[in-house]
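According to full-length UniProt numbering, the sequence shown is numbered sequentially starting from 1. Beta carbons are placed, not taken as given, at the ideal position from N, Cα and C, and that holds for glycine.
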Amino acid sequence: MALVHPLDRKLIRDLWNLRGQVVAVALVIASGLTVLIMSLGAISSLEETRAAFYDRYRFADIFARVERAPEGLARRIASIPGVRAVETRVVQPVVLDVADMAEPVTGLLSSIPETRRPRLNDLVLRAGRWVRPTAHDEVILSEAFAQAHGLMPGDTLGAILNGTRRTLTVVGLALSPEYVYALAPGQLVPDDRAFGVLWMGRTALATAFNLDGAFNDVSLEIGRKAREAEVIDRLDALLARWGGVGAVGRADQTSNWFLSNEIAQLRTLATMLPTIFLMVAVFLLNVAAARIVALEQSQIGLLKAFGYGNGRIAWHYMKMMGAMAAIGVVLGWIGGAAMGRYVTELYAHFFHFPFLIYRPDPAVFALAGAVGLGAAGLGALASVRRAARLAPAQAMIPPAPPAYRRGLLSRALKPGRLDQPTLMILRHVVRWPGRSVMTILGIAMAGAIMVLALQWVDSVEELVNRQFNQEQRYDALVTFADVRQASAVEALRHMPGVIAVEPLRAVPARLSHGAVERREGITGLPARPALSRVLDTTGRAVTLPAEGVVLSTALANRLGVGVGDRITAEIEEGRRPVLDLPVTAVVETYVGAPAWMEINALRRALKEGPTISGAGLLVDPARADAFNAALKQTPAVAGVLLKKTAVDTFRATVAETMYIMIGFYVVFAGLLTFGVVYNAARIALSERGRELASLRVLGFSRGEVSYILLGELALLTLAAVPLGWWIGTLLAEFMSASMDTELFRIPVAIRPATYGWAALGVVAGALASGLVVARKIRRLDLIAVLKTRE
């Protein structure tokens with residue numbers, strides 16, 4: 001049987017004696033690594049699942065819409081250099097009448113070949129069968145939409161196709177790589193009850209919309225060496241004559257774009273939060289190593305006197321810190337693997353994949369282990385070097401007691417103003433400023449994470465209030481399949497329950513300034529819109545000018561323009577004019593990157609009469625059912641967004657994910673607080689054990705002795721709370737900026753109650769560690785502690 005080396009026996013004994021501190025440090029490291037592994041694991045899973053789904057079911061590389069193009073044009077598209085496959089389709093928005101909903105439902109009808117599988121954007125048939133070539137009313141439903149309404153193959157639903165009401169029979173349920181994130185126009189988050197995709201045979205759908213021998217949607221696959229931008233330019237040139245509205249690459253395809261943004265936000269979390277935890281872990285290990293080396297100075301001298309070299313001594317203490325970190329690494333591996341799978345399955349609920357690939361990547365675990373052990377090495381390095389450099393004779397001399405003198409604090413306080421234990425607390429804090437500041441900073445970082453986690457609730461509420469209460473004051477937003485004359489406003493005004501109607505005219509456009517180009521829509525509204533308001537940064541309504549364009553901050557920043565600059569707008573509809581527009585105002589929005597013009601100014605620029613493409617409606621809640629029933633029977637309406645439904649869905653979706661993640665981070669922040677305070681308390685107890693025992697012998701009660709030690713920690717905790725608030729606010733602003741996308745800009749809006757809850761969480765963590773330490777103080781062995789160590 002191999003003998004355990006004496007230093008290893010000492011290491012095991014020391015780790016057991018320091019088990020409280022070991023657990024505290026390990027939990028902090030484990031928290032950081034759990035977040036790291038969880039985030040990277042979810043990212044890896046989503047990316048691998050997406051890549052496999054796209055590859056197996058031939059997700060297209062380029063997508064384009066057109067008003068009406070002859071089928072023969074497909075051959076010319078296929079001849080574009082770099083194009084490998086072409087799939088033409090008929091795609092039309094429709095309003096659906098589903099039995100279990102009083103409100104109208106927006107649907108998107110997309111054609112599929114009757115005699116073969118689609119070359120691109122193939123379907124995963126989950127139930128039922130494919131449509132028959134001779135059938136005219138058979139459809140395949142998106143699985144999530146069918147599940148939301150309890151629809152199965154054999155069920156029926158109503159729809160208005162090109163002004164004619166039809167009863168459609170469900171024959172199958174499917175998923176598509178094109179609609180992993182199925183979002184209707186105007187929605188902030190997917191609502192599977194309010195929006196669904198339906199696939200119908202090409203012949204039946206083309207006949208219904210008078211597109212026989214023609215198409216209005218085309219998808220392309222390009223070769224690996226093909227240049228996407230060049231293919232898009234050539235495709236746009238071919239489609240321009242037929243009313244093309246601008247092709248987009250896979251990166252800008254709606255579903256894929258949303259998924260990519262979610263992955264990008266996960267990357268931000270994977271970088272930011274673990275860094276905070278590991279910085280605190282480095283601090284804890286640094287403090288722990290420094291205190292251990294100081295307390296064991298005489299033992300180090302004896303070891304060197306018995307012949308142990310500097311390298312052996314240094315390795316011993318490095319192993320001690322590494323063992324603490326290794327426990328945290330193992331716990332982080334376990335927690336990260338479990339939470340990684342959980343978070344991935346949570347995302348799979350919103351992203352409609354037919355399968356989910358979750359294989360814990362060994363490289364991620366190796367990275368986490370390296371980061372955790374690296375933090376241990378960094379934190380312990382200075383103290384280990386000091387231990388190695390101690391001369392034996394010097395090390396065996398007991399450390400000189402610290403020199404005390406009347407300082408500024410003693411002179412500032414009048415005699416009798418404070419009791420002696422309180423004075424001892426204040427003197428100890430002031431005489432060890434570096435230690436006090438680092439402890440405050442560690443606790444403050446825990447408070448900052450609390451603020452960062454809890455402020456998401458406030459920020460989302462601010463976004464909802466701004467978007468749905470201040471800007472969007474309509475109850476319903478209807479869009480038409482085609483541009484309509486302004487007389488359609490009167491038809492909407494006479495619908496049951498309609499109180500007010502506000503028309504809008506929206507056109508797709510390429511907006512450019514210099515070499516920068518963005519594809520965004522321009523929305524024409526009345527000069528002083530009441531239902532779709534445009535607000536400045538102070539929340540005041542903006543009047544749309546008779547000439548020029550108003551840009552959102554997000555769009556202006558991406559174009560690199562400000563008020564007074566001019567942009568070029570290439571309209572991708574109708575006569576396709578090219579406009580030179582002055583930027584008259586830049587306003588803040590939290591959703592999208594819109595641009596606005598006064599509706600008559602837009603009409604003049606388009607050289608068209610009084611036309612509209614949709615309208616916002618204010619509806620009497622008491623007559624909502626009658627309004628919804630009438631809307632289902634309106635042939636001209638192609639899409640409906642009901643604000644109440646959108647708000648309810650947004651809140652439910654956010655609550656389902658956000659509160660779970662907030663709970664995780666609050667727990668982690670509590671562990672961080674516990675770790676910092678407990679570590680500081682245990683080190684203080686080991687350093688001041690003789691002092692506290694002496695006070696007990698001199699007549700101090702257990703309560704007074706506990707007060708001296710724990711009162712100092714309470715003081716440092718209270719000092720850390722406002723600092724944590726400030727750091728948390730800075731982190732929230734940084735997080736908001738780093739997660740800024742063209743879809744969402746999360747505002748930083750922190751209510752006083754949030755700061756209060758964050759402070760309460762920090763105090764609770766500190767109190768828990770204080771109770772553990774108080775128990776050890778009560779068990780202090782006065783005789784053993786007062787024995788002379790040297």
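Which class does L220 belong to by DSSP, given the choice of helix, strand or coil? strand
Straight-line gap, H5 to M320 (C-alpha atoms, nearest Å): 14 Å
P70 in three-state terms, based on DSSP: Looking at P70 - three-state DSSP - the assignment turns out to be strand.
Closest residue to V773 among D740, Y755 and S706 (Cα-Cα distance): S706
If contact is defined by three or more beta carbon pairs under 8 Å, each pair taking one atom from either stretch, is the segment 57 to 68 in contact with the segment 359 to 371? Counting Cβ pairs under 8 Å, fewer than three are found: no touch.
Run the CB neighbour count on residue 878, radius 10 Å, all protein chains shown included, and call it buried at 16 or more, exposed below. With the chain represented from 1 up to 790, any question about residue 878 goes unanswered, as that position is not in the structure.
Does the Cβ of N628 have 16 or more other Cβ atoms within 10 Å, making it buried, or fewer, making it exposed? That one is buried.
DSSP beta-bridge partners for D233? For D233, which the question treats as bridged, DSSP gives no partner whatsoever.
Taking the DSSP output, what are the residues bridged to M279? According to DSSP, which records beta bridges pairwise, M279 is partnered with nothing at all.
By Cβ distance, which residues of its chain are closer than 6 Å to L695, with the 5 residues on each side in sequence left out? Within the same chain, L695 has close Cβ partners V705.
Tell me where the alpha helix (DSSP H) around W333 begins and ends. For W333, the enclosing alpha helix (DSSP H) covers residues N310 to A348.
Would a C-beta distance cut-off of 7 Å place A684 and T439 closer than the cut-off? no
L685 - DSSP class collapsed to helix/strand/coil: helix
Pop quiz: P153 and G128 are said to be a contact at Cβ under 8 Å. What is the actual Cβ separation, rounded to whole angstroms? 3 Å
Do residue 860 and L125 have their C-beta atoms closer together than 7 Å? Residue 860 is absent from the structure shown; the chain starts at 1 and stops at 790.
Comparing C-alpha positions only, which one of A270, I599, L535 and E517 sits nearest to I567? E517
Residues that P508 bridges to, as DSSP identifies them: P508 pairs with G521.
What does DSSP give as the partner residue(s) for S532 in the beta ladder? Answer is Q472.
Going by the CB atoms, is the gap between L617 and Y474 shorter than 7 Å? yes
Proximity below 7 Å, CB of A655 to CB of G497: no
For W16, is the classification buried or exposed, using 16 other Cβ atoms within 10 angstroms of its Cβ as the cut-off for buried? exposed
Count the other C-beta atoms from every protein chain shown that fall within 10 angstroms of the C-beta of N310, then say buried if there are 16 or more, exposed otherwise. exposed
Excluding the 5 residues flanking P747 on each side, which residues of the same chain have their C-beta closer than 8 Å to its C-beta? Here the set comprises S459, E462, L463, R466, Y590 and S736.
Per the DSSP calculation, G616 is bridged to which residue(s)? According to DSSP, residue pairing for G616 in a beta bridge involves L477 and E502.
Going by other Cβ atoms of all chains shown within 10 Å of its Cβ, with 16 needed for buried, is A229 buried or exposed? exposed
How big is the Cα-Cα spacing for G213 and A69? Looking at the two C-alpha atoms, the distance is approximately 9 Å.
Own chain partners of A204 with C-beta closer than 6 Å, once the 5 adjacent residues on each side are dropped: So the list reads H136, once near-sequence residues are dropped.
Residue from T729, G770, K776 and G765 with nearest C-alpha to Y755: T729
List the whole-angstrom C-beta distance separating V550 from V534, where the pair is believed to meet the contact cut-off of C-beta under 8 Å. 6 Å
Determine the DSSP secondary structure at S142, reduced to helix, strand or coil. strand
What are the boundary residues of the beta strand (DSSP E) that includes P104? Run containing P104: none; DSSP gives neither H nor E here.
How far does the alpha helix (DSSP H) with A375 in it extend, from its first residue to its last? P362 to R389
Exposed or buried, what is I222 when buried is set at 16 or more other beta-carbons lying within 10 Å of its beta-carbon? Classification of I222: buried, given that the 10 Å Cβ count is 16 or more.
Measuring straight from C-alpha to C-alpha, what distance separates T645 and S142? 20 Å
Just how far apart, CA to CA, sit D740 and L709? Cα to Cα, the separation comes out at about 45 Å.
Decide yes or no for the touch test of the segment 500 to 520 against the segment 606 to 623: beta carbon pairs closer than 8 Å, at least 3 of them. yes
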